[in-house]
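Enquirer:
Protein chains in written order, with the numbering used here: chain E, 1 to 304; chain Z, 305 to 816; chain L, 817 to 1173.
1) For residue 191(E), is the classification buried or exposed, using 16 other Cβ atoms within 10 angstroms of its Cβ as the cut-off for buried?
2) What are the boundary residues of the beta strand (DSSP E) that includes residue 335(Z)?
3) Go through the region 62-114 of chain E residue by residue and report every complete run of the alpha helix (DSSP H) that reaches 4 residues or more, in order.
4) With distances taken between CB atoms, is the gap from residue 385(Z) to residue 360(Z) smaller than 8 Å?
5) Return the chain-ordered ranges of every alpha helix (DSSP H) run that is complete within the region 512-538 of chain Z and spans a minimum of 4 residues.
6) Please report how far the alpha carbon of residue 645(Z) lies from the alpha carbon of residue 664(Z), in whole angstroms.
7) Using 8 Å as the limit for Cβ to Cβ distance, is residue 654(Z) near chain E?
8) So, does the CB of residue 1035(L) fall closer than 8 Å to a CB anywhere in chain Z?
9) Counting only beta-carbon separations shorter than 8 Å, does residue 665(Z) have a partner in chain L?
10) Report yes if the CB atom of residue 783(Z) is closer than 8 Å to the CB atom of residue 577(Z), and no otherwise.
11) For residue 393(Z) and residue 177(E), I'd like the C-alpha separation in whole angstroms.
12) Figure out for me which residue from 14(E), 144(E), 300(E) and 11(E) has the closest Cα to the Cα of residue 175(E).
13) To be precise: take each residue of the region 84-116 of chain E, compare its Cβ to all Cβ atoms of chain L, and keep it if any distance is under 8 Å. Which residues remain?
14) Against residue 174(E), what residues of chain Z qualify as contacts under a CB-to-CB distance less than 7 Å, listed in chain order?
15) Examine chain L for any beta-carbon lying closer than 8 Å to the beta-carbon of residue 779(Z), and answer yes or no.
16) Is it a yes or a no for the region 775-789 of chain Z touching the region 503-521 of chain Z, going by three-plus beta-carbon pairs under 8 Å?
17) Which residues in chain L have a C-beta closer than 8 Å to the C-beta of residue 631(Z)? List them in chain order.
18) Taking 8 Å as the CB-CB limit, is residue 234(E) close to chain L?
19) Residue 560(Z) and residue 625(Z) - do their beta-carbons sit closer together than 8 Å?
20) With 8 Å as the limit, tell me which residues of the region 957-976 of chain L have their beta carbon closer than that to any beta carbon of chain E; keep them in chain order.
21) Hey, how far is the Cα of residue 906(L) from the Cα of residue 893(L)?
22) Could you list the residues in the region 889-915 of chain L with a C-beta less than 8 Å from some C-beta on chain E, going in chain order?
23) Determine, using beta carbons only, whether residue 1148(L) and residue 1101(L) come nearer to each other than 8 Å.
24) At least one CB of chain L closer than 8 Å to the CB of residue 442(Z): is that the case?
25) Note down, one range per segment and in chain order, each beta strand (DSSP E) of at least 3 residues found wholly within the region 348-389 of chain Z.
26) With DSSP as the reference, please indicate the residues paired to residue 342(Z) in a beta bridge.
27) Does the region 650-670 of chain Z come close enough to the region 1044-1051 of chain L to have 3 or more Cβ pairs within less than 8 Å?
28) Can you grab the Cα-Cα spacing for the pair residue 368(Z) / residue 333(Z), in whole Å?
29) What three-state label does DSSP hand residue 1169(L) in the structure shown?
30) From 460(Z), 451(Z) and 789(Z), pick the residue whose C-alpha is nearest to that of residue 416(Z); which is it?
31) Do residue 634(Z) and residue 720(Z) have their CB atoms nearer than 8 Å?
32) DSSP has residue 320(Z) in a bridge; who is on the other side?
33) With distances taken from CA atoms, which of 479(Z), 796(Z), 608(Z) and 443(Z) is nearest residue 732(Z)?
34) For the alpha helix (DSSP H) that residue 1079(L) lies in, which residues bound it at each end?
35) Specify the secondary structure class of residue 814(Z) as computed by DSSP and reduced to three states.
36) Mind the definition here: the region 210-217 of chain E touches the region 409-423 of chain Z only if three or more C-beta pairs lie below 8 Å; say whether that holds.
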């Protein structure tokens, strides 16, 4: 079933984008712009793969990916929260560092492959044509990413901690004046973002490709950043966006395979061009600052 | 306890706060008793805000102690202050524009759920006459409504001490009256109120005990009703601040600036539009534009300066020539000059030296820039001339703009324009947050410029200032400008009504 | 525990000048730690990375060759960064410059052309980079789209364009199916000025000197600084922000494009899928390490070029992967940014105060 196969691969392509975008969304809601997603994902991918091989355990591999993403985020937090360094440049530095370090760590693992991880199998349900495997035959990451979307949405809109997160991101000076711990909230949000990026990377190396190769993140971290803008900082829309982008990626791959006569490079450029196009279309449709946290990207130094 | 003076709720003993070389507070003693409305008086820069930030735990003192109900406490954070029972209404509101009223209140009250907050909000609102819809986003509210959020947020914590920092600075006279009623009622419930202001009249109305600060020190603690306004002013300022020498309106009126049915759409998500606004500024006169902050002052300024262009060239004319489509530099070339409200970041680049900042509005002139190349000598001469003529006190030669005090930087950015002797000067809030000496110098400079035959448009929230130096006053409310009338024909009450949008010209019902 | 930052009242020019040096030292120490973790001697690596190239005349020439694109690009980036505009797509502008300039070299290949060829190639390269940089600039000015994301996305697109051309229509038919074009004619090759050092290095020096004048002495330089440090003040001064954005991006892209065609014409001699080891990204580190000052960028470009050369010899001599160089460059940029913070703030480590009831 070609349709089923396409739909399944769309889910696979969308899941890492969704995970990374959710993490960045929370970080940005706290007012911190972390452009290091690409680097954190690369580190997550390589450490997850290395961990899985070293311990011969996918679960421990995932844990390593999570830890690597979080550690990279901690480095970023030290620079921008601890030392009030420029967020844009620090995020770039994090990406460059992460891409380099991941190459170093991954060098011994190039050429190795992992087995596919388990998928849900519910007798009866999973066997329903077309939608069976789509709904009831996915791997744990997919269900986790969708659950995480709901959790983040509820957290932001409905909980006190979410209210504090939004307040800190909206106006850090007011938040500080009220005694909210601005830097601690941001630290936690940035670390969450790193963990999500690490998880997204782990998904790519352990599920999507099942091998490690340098440059395999291929701009997904940047697309995740664009998704946050697309989603206007709302988790539900991040899910929609991730699946739309996943679809664009997969359809381009199928078009390449289908010998459309277009050069493969033109099709490979589709996700990047679509990202630009979407950003432009969005700016036409709504006010450009709509939804952006008020203090996004600004360093905060409390006065004492 | 049995004596006439009740035991103080809070007592500050020898509080000092040092910022580098600056001693913002120097051994300050202050006591506030339950049920008392205690005024903290002082001019801008006297150290009032620093003191209350220390009391609220937002900053830590360098020396001294705080006694709360007779016990020494260290207030390390606003959370700690609120736990003790101290509530704070900030001068620059600590609100979140994108959040709703309910969320803004809930975020400060960790023990209440959003639903509880909504219920309590209406309850407290009824008790004190402070009605608010918890579901409205803050950006859609007026300054007076925003202040209500701050006050209610405090009251919901049932504070023993309520601190208000310059609460009337953004209110109309009528709104201020309502606030005073609320405060008196709160005091009668036994709450202590620390009321910070630099306005003598309202302090004399509200309180029986006032502490006066000057340059970080307490210079007196006294009953403000027992002293004359002149005595208090002298204590606040330290020396006699002379009055501005008035000028006579010119006999023949020549039109300098004419705005004709100007409308501008709102800018940004929460912007204020300008609605069908007309005015005329005459040479030799100061036209005052009164109004509560956020009613379109910034937008009017940017439309006049050319930072935002009008949709029709003839919506704005300088000396009868349409300039609505021309930018700032083209208008400067027609002998217009402008001073925006925000000193740091708009009128001046904070991290640049004064010479660089002098160039900001003088780069269109031949002397400072030749063939695209900057002439450092000419700019230095210009900056030195401004500094000298307008008594700008600098810590050393050519400091960064942010190193100057508010008053000195304001003298610099106003001097930078006046030194050119423009035929039109538009200023927005020229003495906001400026010490009395600098304010007098600035007002005198505006009067002198008008005297010399220029037209001055003075956008100001300070009614005292407008009554002191404006020849005509018009009121800006919700992006609309009322008719200009000679200052002598206005009363404060009439201006207050127009500031609320219920002026004689418009009728209509009382705004919320 | 937390870090407490207090703004410094006066910033000493010494601290400003020394901050990048301190950052460099710390980054070296961090890289040494990494190398030790990889089981190699940090001292041996330091010898191979730094001392080796510095003591070798051939390597010194190579240093100038590698520093040339870095300095050209970083000088261009400094125009954007000064105005607080984030062009992070210089790598793409470099590639498009190489493609457009290279196109002329390929069109005229094997024919007799006049001395106009090289200047025309360089002009086309600069034009290509400028036009490519104007895409994010225009989208920002017209639609308010983040120039960060667009310029970065366009890097991938540019690389795919180059990849398509050298594998497809521009491939050398006699090249044994290798993805590369024919070798440029001598007339399309940038002449050497000394040994391996080609004319491009002279362009880089000219760019440094010209930028020193533009930034320090002209109204345009003032305009960039005001726009970057206080955008509202820039609008008040009458400096139209849209024009500033377009001009800064155009200059930045032109210099990156020039670097691209200079690299292809002076160094590689043909087009191939990979013409840059990430010069466009490393140049970001160069620009910040040089504190956006043209002479600082000159020095920083040489330092970072050293890491490229050292990285190549370390790969051969110590079997250290090239990725180490990239990791080092990223860490160095982080260190530079933190050092900048230390210049502006006094930093104290304080124990977190627990509230006492």
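Ideal Cβ placement from N, Cα and C applies to all residues, glycine included.
All of these numbers come straight from a predicted model, not from anything done at the bench.
Expert: This is what the structure holds:
1) Translated into the one-based positions of the first chain, residue 191(E) becomes position 191. Result: buried.
2) Reading the second chain from its first residue, position 31 is the one you call residue 335(Z). Where residue 335(Z) is concerned, the enclosing beta strand (DSSP E) stretches over 326-336.
3) 87-106
4) As a position in the second chain, residue 385(Z) is number 81, starting the count at 1. As a position in the second chain, residue 360(Z) is number 56, starting the count at 1. The answer is yes: Cβ separation under 8 Å.
5) none
6) Here residue 645(Z) refers to the residue found at position 341 of the second chain. Here residue 664(Z) refers to the residue found at position 360 of the second chain. Whole-angstrom Cα-Cα distance: 16 Å.
7) The residue you call residue 654(Z) lines up with position 350 of the second chain. For residue 654(Z), the answer is no, since every Cβ of chain E falls outside 8 Å of its Cβ.
8) Against the third chain, residue 1035(L) aligns to sequence position 219. Cβ-Cβ to chain Z under 8 Å: yes for residue 1035(L).
9) The sequence position of residue 665(Z) within the second chain is 361, counting from 1. Chain L, which has a Cβ nearer than 8 Å to the Cβ of residue 665(Z), makes this yes.
10) Position 479 of the second chain holds residue 783(Z). Position 273 of the second chain holds residue 577(Z). Yes. Within cutoff.
11) Locating residue 393(Z) in the second chain gives position 89, where the first residue counts as 1. Locating residue 177(E) in the first chain gives position 177, where the first residue counts as 1. Rounded to the nearest angstrom, the two C-alpha atoms are 11 Å apart.
12) On the first chain, residue 175(E) is found 175 positions in, with the first residue counted as 1. Comparing Cα-Cα distances from residue 175(E) to each of 14(E), 144(E), 300(E) and 11(E), the minimum goes to 300(E).
13) Residues 84, 85, 86, 88, 89, 90, 92, 93, 94, 95, 96, 97, 98, 99, 100, 101, 102, 103, 104 and 107.
14) Numbered from its first residue, the first chain carries residue 174(E) at position 174. By Cβ distance, chain Z contributes 398, 399 and 400.
15) Walking along the second chain from the start, residue 779(Z) turns up at place 475. Closer than 8 Å: no.
16) no
17) Counted from its first residue, the second chain places residue 631(Z) at position 327. Per Cβ cutoff of 8 Å: 1054 and 1056.
18) Translated into positions along the first chain, residue 234(E) becomes position 234. For residue 234(E), the answer is no, since every Cβ of chain L falls outside 8 Å of its Cβ.
19) For the purposes of this step, residue 625(Z) is taken as the residue at position 321 of the second chain. For the purposes of this step, residue 560(Z) is taken as the residue at position 256 of the second chain. Result no, Cβ atoms of residue 625(Z) and residue 560(Z) do not sit closer than 8 Å.
20) 959, 960, 961, 962, 964, 965, 966, 968, 969, 970, 972, 973 and 976
21) Residue numbering aside, residue 906(L) sits at position 90 when the third chain is read from its first letter. Residue numbering aside, residue 893(L) sits at position 77 when the third chain is read from its first letter. Take the alpha-carbon of residue 906(L) and the one of residue 893(L): they are about 8 Å apart.
22) 902 and 904
23) By 1-based counting over the third chain, the position of residue 1148(L) is 332. By 1-based counting over the third chain, the position of residue 1101(L) is 285. Result yes, Cβ atoms of residue 1148(L) and residue 1101(L) sit closer than 8 Å.
24) Stepping through the second chain from its first residue, residue 442(Z) is reached at position 138. Chain L contact via Cβ: absent.
25) 367-372 and 375-377
26) Walking along the second chain from the start, residue 342(Z) turns up at place 38. Answer is 498(Z) and 513(Z).
27) yes
28) Walking along the second chain from the start, residue 368(Z) turns up at place 64. Walking along the second chain from the start, residue 333(Z) turns up at place 29. Each residue's Cα considered, the two are about 9 Å apart.
29) Reading the third chain from its first residue, position 353 is the one you call residue 1169(L). Below a pLDDT of 50, predicted positions are generally treated as unreliable, and residue 1169(L), at 49, falls in that range; the measurement from the model is reported next regardless. Note: residue 1169(L) maps to coil in three-state DSSP.
30) For the purposes of this step, residue 416(Z) is taken as residue 112 along the second chain, with counting starting at 1. For the residues 460(Z), 451(Z) and 789(Z), the minimum Cα distance to residue 416(Z) belongs to 460(Z).
31) Locating residue 634(Z) in the second chain gives position 330, where the first residue counts as 1. Locating residue 720(Z) in the second chain gives position 416, where the first residue counts as 1. Not in contact: residue 634(Z) and residue 720(Z) (Cβ atoms no closer than 8 Å).
32) Here residue 320(Z) refers to the residue found at position 16 of the second chain. Answer is 367(Z).
33) As a working note, residue 732(Z) is residue 428 in the second chain. Closest option to residue 732(Z), Cα to Cα, is 608(Z).
34) Walking along the third chain from the start, residue 1079(L) turns up at place 263. 1057-1079 is the extent of the alpha helix (DSSP H) around residue 1079(L).
35) For the purposes of this step, residue 814(Z) is identified with residue 510 of the second chain, where counting begins at 1. Note on residue 814(Z): pLDDT 37, under 50, position unreliable in the model; the coordinate value appears next. Correct three-state label for residue 814(Z): coil.
36) no
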